[in-house]
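This report concerns only the one structure given below.
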Amino acid sequence: ANTDALEAAAASGFSTATDLADWLVRALNMPFRDAHHVTGALVAMAEGKGCDLPDLSLAEMQSVHGAITQDVFGVLGVHNSVASRTSYGGTAPSEVRKQIARWQEVLT
10 ANTDALEAAA ASGFSTATDL ADWLVRALNM PFRDAHHVTG ALVAMAEGKG CDLPDLSLAE
70 MQSVHGAITQ DVFGVLGVHN SVASRTSYGG TAPSEVRKQI ARWQEVLT
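In the working numbering, the protein residues as written are 10 to 117.
Pasting the structure below:
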């Protein structure tokens, strides 16, 4: 179905690389400059293997930075990426519903 094709397209192309860098900063207290470097190295590794970031094993990720934990996989999914954007106008379903309700009220 179209939904499956859209989800597959959204998951490809390292669309969650920024989420990975943000996770490294939050979870490991890593300076963003270092997180950017680690993320770049992981993207390069995934590109070299012909896969996406979530397809790398924990051991492969830890070969780049040993402090990475299994929790990293929670931020690499597209659904989690979308749901994490909870600021005003964000992509989280709760925010989208708020905007739909707001505009339905404005337009009726």
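Each residue gets a CB set at the ideal place from its N, CA and C atoms; glycine is no exception.
Residue i burial status per 10 Å Cβ neighbour count (16 or more: buried)
{"i": "Ile77", "result": "buried"}
{"i": "Trp112", "result": "exposed"}
{"i": "Ser90", "result": "buried"}
{"i": "Thr100", "result": "exposed"}
{"i": "Thr115", "result": "Just to set this straight, residue 115 is Val in the shown sequence, not Thr. Val115 comes out exposed."}
{"i": "Thr12", "result": "exposed"}
{"i": "Ala110", "result": "exposed"}
{"i": "Asp80", "result": "exposed"}
{"i": "Leu67", "result": "exposed"}
{"i": "Thr25", "result": "buried"}
{"i": "Ala53", "result": "exposed"}
8 Å contact criterion, which residue i and residue j should meet: CB distance rounded
{"i": "Ala49", "j": "Pro63", "result": "Sequence check: residue 49 is Gly here, not Ala. 17 Å between Cβ atoms; not a contact."}
Contacting residues, own chain, Cβ-Cβ under 6 Å from residue i (five flanking each side not counted)
{"i": "Ala44", "result": "Ala30, Leu33 and Val34"}
DSSP-derived helix/strand/coil call for residue i
{"i": "Ile77", "result": "coil"}
{"i": "Asp61", "result": "coil"}
{"i": "Val84", "result": "coil"}
{"i": "Met54", "result": "helix"}
Spatial neighbours of residue i in its chain, beta-carbon cut-off 8 Å, leaving aside the 5 residues before and after
{"i": "Pro102", "result": "Val91 and Ala92"}
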